[in-house]
Amino acid sequence: MRLGVLDVGSNTVHLLVVDAHHGAHPWPAHSEKVVLRLAEQIGPDGALTAAGADALVKAVSMAKAAAAGLDTDDLIAFATSAVRDATNAPEVLARVRDETGVRLEVLTGADEARMTFLAVRRWFGWSAGRLLVLDIGGGSLELAAGIDEDPAAAVSLPLGAGRLTRERLGVTPDDDGPPPAAAVEELREYVDGLLDPVVKEIVDVGWDRPVGTSKTFRTLARLAGAAPSGAGLWAKRSLTRTGLGQVIGFIRHIAPRQLAELEGVSVGRAHQLLAGAIVAETVMRRLDVDKLSICPWALREGVILRRLDQLGPG
């Protein structure tokens, strides 16, 4: 069957269409995304602005039309932290439903962690033993650990790269200079503080293979020397804490608008890269992880796999 997954995230609205059936590898047939940066469209009152809601409705409508044009059998639509955290989320969701016919399911942070963990487990298989999965999104950081397909621990913290860029570093895409050193150190301390309550929970579960997934970790790994996307899905990629430290030492002195000129760095997320790197370095240090395997599958694939499991064979 052909499944469409519509992921409304903090940075992008991403449509992924795959051909799949129960027990089979889901093969991508089409992928398209629109950069909305919804997290930056949250007003002082915590509500998604009218302009942000307008853009979301338009993007969802276009994605629905694209999915229909590709003859998808089912469209799974979900939203993560940007919509989840908006004080007017019920009104926004109702408007999307009324104007597009698409019902967005709002995932909790723990659900994000579980779905991503499932994708990573299926990618690496049972031989990987206990997994630790780290995922830095635009609005939140997810951590999960366990030996089964459902993790023993699944945690979400408001430590997304976009959120911290906006709220802690005060960086914009057009800035012509890097953030002050003091702001970077204050960010480290802030991330450290929010990790304090969850480190023991994750460590107590333990792991044999630590894994990083999603765009931030893939970009950082590429800057640290991992194979480019052109090397294909199956190329083994990793990120060491030493390599990450070298990347941070380099990018912290570069203006946000110049980061987009680096190979492997997307224009839409370039200004968020430093904050994401600080989160990655801090969580690796706190969990005493020296090296992460990079997994190409993440939340969207986890959602697809869960739906296929629900449908069963046939």
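If you want this note's numbering, it's the 1-based position in the sequence shown plus 755.
Where is the CB? At the ideal position from N, CA and C, for every residue including glycine.
Within its own chain, the residues whose Cβ lies closer than 8 angstroms to the Cβ of Ser-1048, once the five positions on either side in sequence are excluded, are Phe-879, Arg-964, Pro-965, Val-966, Gly-967, Lys-991, Arg-992, Ser-993, listed in chain order. Residue pairing by DSSP puts Thr-968 in a beta bridge opposite Asp-890, Cys-1050. When the Cα atoms are used, Gly-901 and Arg-918 turn out to be separated by approximately 28 angstroms. Taking 8 angstroms as the cut-off, the beta carbon of Gly-925 is found no closer than this to the beta carbon of Ala-794. Annotation: Leu-811 to Ile-797 spans about 13 angstroms, alpha carbon to alpha carbon.
Between the alpha carbons of Val-958 and Gly-764 lies a gap of roughly 28 angstroms. Residue pairing by DSSP places Lys-788 opposite His-769 in a beta bridge. Bounds of the alpha helix (DSSP H) holding Glu-854 are 844-855. Separation of Arg-977 and Gln-1027 (C-alpha to C-alpha, rounded to the nearest whole angstrom) is 16 angstroms. The three-state reading of DSSP puts Pro-783 in strand, counting E and B together. The alpha-carbon of Arg-876 is positioned some 10 angstroms away from that of Cys-1050.
Residue burial annotation: Asp-809 is exposed, with fewer than 16 other C-beta atoms found within 10 angstroms of its C-beta. Buried is the label assigned to Ser-969, since at least 16 other Cβ atoms lie within 10 Å of its Cβ. Burial is judged here by how many other beta carbons sit within 10 angstroms of a residue's own beta carbon; Glu-940 has fewer than 16 and is exposed. Selection Arg-858, Leu-791, Glu-1018 evaluated against Ala-837 yields Leu-791 as nearest (Cα-Cα).
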